[in-house]
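Q:
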Amino acid sequence: MGKAKTVKGFWYRQRRFPQFSLPADAINSAAAQLPVIIVAHRYGAEVAGLLAMTLRILGAPLGLLGKSVLDVFKRHAASRYREYGECRDIYIRTFKVLSLGSLIFVAVMLFLSEPIFVIFFGEKWRFSGTIATWMLPYFALAFIASPLSYMVYIAGKQNLDLLWQVALLAMTVTALSVFQDYAVALKVYSVGYAALYVVYVAMSYHFSLGDKR
Numbered sequence: 001m002g003k004a005k006t007v008k009g010f011w012y013r014q015r016r017f018p019q020f021s022l023p024a025d026a027i028n029s030a031a032a033q034l035p036v037i038i039v040a041h042r043y044g045a046e047v048a049g050l051l052a053m054t055l056r057i058l059g060a061p062l063g064l065l066g067k068s069v070l071d072v073f074k075r076h077a078a079s080r081y082r083e084y085g086e087c088r089d090i091y092i093r094t095f096k097v098l099s100l101g102s103l104i105f106v107a108v109m110l111f112l113s114e115p116i117f118v119i120f121f122g123e124k125w126r127f128s129g130t131i132a133t134w135m136l137p138y139f140a141l142a143f144i145a146s147p148l149s150y151m152v153y154i155a156g157k158q159n160l161d162l163l164w165q166v167a168l169l170a171m172t173v174t175a176l177s178v179f180q181d182y183a184v185a186l187k188v189y190s191v192g193y194a195a196l197y198v199v200y201v202a203m204s205y206h207f208s209l210g211d212k213r
């Protein structure tokens, strides 16, 4: 009987995972794949290939660095939150480190993105460097927000994460489907993604306050 209660209690505490996290992850995966698919359909394979190259080349190192920060943040923030009901100080310190890294990345890519792509991949990929500058708002905010987004799991707010993912999917489809000019579409997509990340950072900071709210 006691074991049954323990199992029941565990599944009750973890009920938000199948309810919210699984569909949120599925929507996030769809939103990640759609840009190249929509761009290929609307603006042609060449633009889609250049976009895919940009996302892959810049996303991989930023994702790796972000994961390193996430691993540290997850461990310390979760421990602090369990013990004290909040982790604001850890959140702020992590936010400052990520913001500094993001600022350095933007400063470098703003002026050197095209030369970097030409040097490493050849002249034919120069325009990927141009697309990289259009995508800087997205990459800059993604680097900051992604590690800090783990606060939704620490605070048990997966329902809000699901709503955010739905908004992301809607923004992605709208931004890349409405405009006739691919340059405008990609810029709007980048800024829209960055704006949603600002919302996510604000939410995650609010969650970090815990009992201090």
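Residue numbers (the UniProt record's numbering): 1 to 213.
Heads up, the beta-carbon is just placed ideally off N, CA and C, and yes, glycines get one too.
1) Drop a sphere of 10 angstroms on the beta-carbon of residue 83, count the other beta-carbons inside from all chains shown, and report buried for 16 or more, exposed for fewer.
2) Would you kindly work out how many angstroms separate the C-alpha atoms of residue 74 and residue 192, rounded to a whole number?
3) Assuming residue 109 and residue 136 form a contact by the criterion Cβ under 8 Å, report the distance between their Cβ atoms to the nearest whole angstrom.
4) Here's the rule I'm using: 16 or more other beta-carbon atoms within 10 Å means buried, otherwise exposed. How should residue 70 be labelled?
5) Tell me whether residue 154 is buried or exposed, calling it buried when 16 or more other Cβ atoms sit within 10 Å of its Cβ.
6) Quick one: Cα of residue 132 to Cα of residue 91, how far?
7) DSSP on residue 193, reduced to helix/strand/coil?
8) Secondary structure at residue 74, three-state DSSP: helix, strand or coil?
9) Could you compute how far the alpha carbon of residue 203 sits from the alpha carbon of residue 123?
10) Locate the alpha helix (DSSP H) running through residue 101, then write down its first and last residues.
11) Could you have a look at residue 149 and say whether DSSP puts it in helix, strand or coil?
12) Where does residue 161 fall in DSSP's three states?
13) Tell me which same chain residues have a C-beta within less than 7 Å of the C-beta of residue 205, skipping the five on either side of it?
A: The structure says:
1) exposed
2) 27 Å
3) 6 Å
4) buried
5) buried
6) 29 Å
7) helix
8) helix
9) 42 Å
10) 88 to 121
11) coil
12) helix
13) 91
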